[in-house]
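**Student:**
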Amino acid sequence: MTHPAAPKASHFINGAYVENTAGTAIPVIYAATGEEIATVHAATPEIVEEALASAQAAQKAWAKMTGTERGRILRRAADIMRERNHELSVLETYDTGKPLQETLVADATSGADALEYFGGLAASLTGEHILLGEDWVYTVREPLGLCVGIGAWNYPTQIACWKAAPALACGNAMVFKPSETTTLCALKVAEILHEAGLPAGVFNVVQGMGEVGGALVADPRVDKVSLTGSVPTGKKVYAAAAADMKHVTMELGGKSPLVIFDDADIENAVGGAINGNFYSSGQVCSNGTRVFVQKGIKEKFLARLAERTKGAVLGDPQDEAVNFGPMVSERQMEIVLGYIEKGKAEGARLICGGERVDRPGYFIAPTVFADVTDDMVIAREEIFGPVMSVLDFETEEEVIERANATEFGLSAGVFTRDFTRAHRVIGALEAGSCFINSYNDAPVEAPFGGVKASGVGRENSKEAIKHFSQVKSVYVRMGDVEAAF
Ligand code: NDP
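Under our numbering, the very last position in the sequence shown is 489; numbers go up by exactly one each time.
(1) Buried or exposed for Ile134, please, with buried defined as at least 16 other CB atoms from any protein chain shown within 10 angstroms of its CB.
(2) Just to confirm, does Trp66 get its C-beta within under 7 Å of one of the non-hydrogen atoms of ligand 1?
(3) At which residue ranges does the segment 12 to 74 contain complete beta strand (DSSP E) runs of 3 or more residues, listed in the order of the chain?
(4) Can you tell me whether Gly315 is buried or exposed, with buried defined as 16 or more other CB within 10 angstroms of its CB?
(5) Would you give the residue range spanned by the beta strand (DSSP E) that Leu231 belongs to?
(6) Measure the alpha-carbon distance for Thr237 versus Ala487 and round it to whole angstroms.
(7) Give me the Cβ distance between Ile469 and Pro170, rounded to the nearest whole Å; I'm assuming they're in contact under 8 Å.
(8) To test your reading of the DSSP string, which unbroken alpha helix (DSSP H) runs of 4 or more residues are found completely within the segment 204 to 286?
(9) Are the beta-carbon atoms belonging to Ser114 and Gln162 less than 8 Å from one another?
(10) Cutting at 6 Å between CB atoms, please list the residues of its own chain near Glu350, excluding the five before and the five after it.
(11) With a threshold of 7 Å (Cβ to nearest heavy atom), would Lys240 be considered close to ligand 1?
(12) May I ask you to report which of helix, strand or coil DSSP gives Val475?
(13) Taking buried to mean at least 16 other C-beta atoms within 10 Å of its own C-beta, is Val317 buried or exposed?
(14) When the Cα atoms are used, what is the spatial distance from Gly258 to Met482?
(15) Examine ligand 1 and report whether any of its heavy atoms sits within less than 7 Å of the Cβ of Trp140.
(16) My assumption, with CB atoms under 8 Å, is that Gly201 sits in contact with Leu129. Please give the rounded CB distance.
(17) What residue range does the alpha helix (DSSP H) around Ser114 cover?
(18) So, at 7 Å on beta carbons, what are the nonlocal neighbours of Val376 in its own chain, with the 5 sequence-adjacent residues on each side left out?
(19) In three-state terms, what does DSSP make of Thr161?
(20) Relative to ligand 1, is the shortest distance from any of its heavy atoms to the C-beta of Gly101 smaller than 7 Å?
(21) For the pair the segment 323 to 331 and the segment 289 to 299, tell me if three or more CB-CB distances fall below 8 Å.
(22) Nearest CA to the CA of Ala156: which residue from Thr6, Lys192, Thr293, Leu231?
(23) On the three-state DSSP scale, how would you describe Tyr443?
(24) Could you check whether Ser415 and Ala432 sit closer than 8 Å to each other, using their CB atoms as the reference points?
(25) I believe Leu125 touches Cys165 by the beta-carbon criterion, under 8 Å. Please report the beta-carbon distance rounded to the nearest angstrom.
(26) In the DSSP assignment, what residue or residues form a beta bridge with Thr4?
(27) Can you grab the Cα-Cα spacing for the pair Phe186 / Ala82, in whole Å?
(28) For Leu148, which residues from the same chain have a beta carbon less than 7 Å from its beta carbon, with the 5 sequence-adjacent residues on both sides left out?
(29) I need the boundaries of the alpha helix (DSSP H) containing Cys189, first residue and last residue.
(30) Can you give me the Cβ contacts of His320 inside the same chain, cut-off strictly under 7 Å, excluding the 5 residues immediately before and after it?
(31) Please report how far the alpha carbon of Ala450 lies from the alpha carbon of Leu188, in whole angstroms.
(32) With distance defined between alpha-carbon atoms, name the residue in Leu95, Tyr142, Ser58 nearest to Tyr479.
Structure representation (structure tokens):
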């Protein structure tokens, strides 16, 4: 019997579901049980061609519509997503294993926010008029053309919407490839956009592994690539895009510092550390996985953290009482367990967790290591699982230097009651998305993205418009042209 989460077909191209079983079979595994609930097929070269050709054909007419018309369609899609939030959240939970308690408030809702926000902005995208005496210059904000979006597996609905909404608002068309681990949700986003009135071909979804992504990125018709993924993949995709001088947005990984001073409100600081390490079972790129705690409150902090971590309720993620789900896949579970073993072997002090949970699915108990030092592997590499490293520090100067001693620069947070110190420390931390007395908030109104190896460009907010459009400037001479001869 077909599972209710199974998609109608593998791809969504030119306004319709499309199947081609000649492509490699990709099993859809429910992470909470390990069972295969559906199968999709990777795009063949013919499917990739169909998607790119239909996007290219649709883009010009889409760009010719007024911003008000484009925005109306995006906002209608946002409304549909909100009406179907429960159904979409159940699907997101099947796709990722994240608990329904989270997906009900963080996925389709965040996607709808992006569609509503960029739908609202679409009509207000204008150029400038620059007077130069009698002459003048005007600028036009133009779409880039054909954009490719490539997603990671942790937020399949949100990533598809965060890329599609600004791209489409600006008059671009998009071909989106979800991660092979989470193939379901982007198809629903495409379906809903078309139900809302999006012209066929403007947003297409094709499945596949890295090689399908590679084929999309290398195609000369593509003007822009927006990737959410790891730093090594980002480097490859950025290099491939450079061959044709394509625009890029790179949302990559992190190993972000969360700095907790002695004077912090301890419950808020513990709450921030929990949100920044255990939400989505730690599979969040901006997580504050290096928790620097000033020596004066260290033991108190660890005691409260261990206590509150007991509040994690593991179980069937479709049960709304459950607040902690499995790793997205067996592979990711093995990677994370490998890091936990490294932490133990390197002599970090295990406060809680540290093992796979004895039940079906890919569950790892929320894990806290204390006495972690800067040179340990668990303090240097992105783990992408529920593993928090607590490091000690004494002075502000010292913690800033140590927090910045990483190739990554996605996020940073500080907890303190000292107002001026909060701003001073955040000002000195090398990160793109920062938090004061909070952690991991990602409203669509705020720019999101990293510095250093964590990426280029920004998603969300008005910043994203700059990354999905380009400016044409036109000089207009009102008098005669003077020339040397
Ligand atoms: P990967 O970097 O492995 O993959 C990201 C996407 O790129 C996938 O769809 C993947 O396909 C595709 N891909 C892989 N190789 C290529 C290639 N050569 N050309 C084009 N596309 C390619 O990341 P994961 O999916 O494993 O996601 C986890 C990572 O994503 C973490 O490291 C995390 O830091 C990062 N991330 C960053 C976020 C941010 O906003 N900064 C948000 C969420 C995650 P496939 O996997 O199907 O083979």
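Beta carbons: idealized from backbone N, C-alpha and C, even for Gly.
Remember, it's a predicted structure, so these values are computed and weren't measured experimentally.
**Tutor:** Let me spell this out:
(1) exposed
(2) no
(3) 15 to 17, 20 to 22, 29 to 34, 39 to 45
(4) exposed
(5) 228 to 232
(6) 52 Å
(7) 6 Å
(8) 214 to 222, 235 to 246, 270 to 282
(9) yes
(10) Met380
(11) yes
(12) strand
(13) exposed
(14) 53 Å
(15) no
(16) At roughly 19 Å, the Cβ-Cβ gap does not stay under 8 Å, so Gly201 and Leu129 are not in contact.
(17) 112 to 126
(18) Ala352, Ile382, Ala383, Ser393, Val394, Leu395
(19) helix
(20) no
(21) no
(22) Leu231
(23) coil
(24) no
(25) Not quite, the Cβ-Cβ distance comes to about 14 Å (not below 8 Å), so this is no contact.
(26) In this structure the chain extends from 5 to 489, so residue 4 is not present and cannot be described.
(27) The sequence given here places Thr at residue 186; Phe does not occur at that position. Those two C-alpha atoms are separated by around 21 Å.
(28) Asn176, Asp227, Lys228, His251, Phe472, Ser473, Gln474
(29) 189 to 199
(30) The sequence shown places Asp at residue 320, not His. Ala36, Val326, listed in sequence order.
(31) 27 Å
(32) Tyr142
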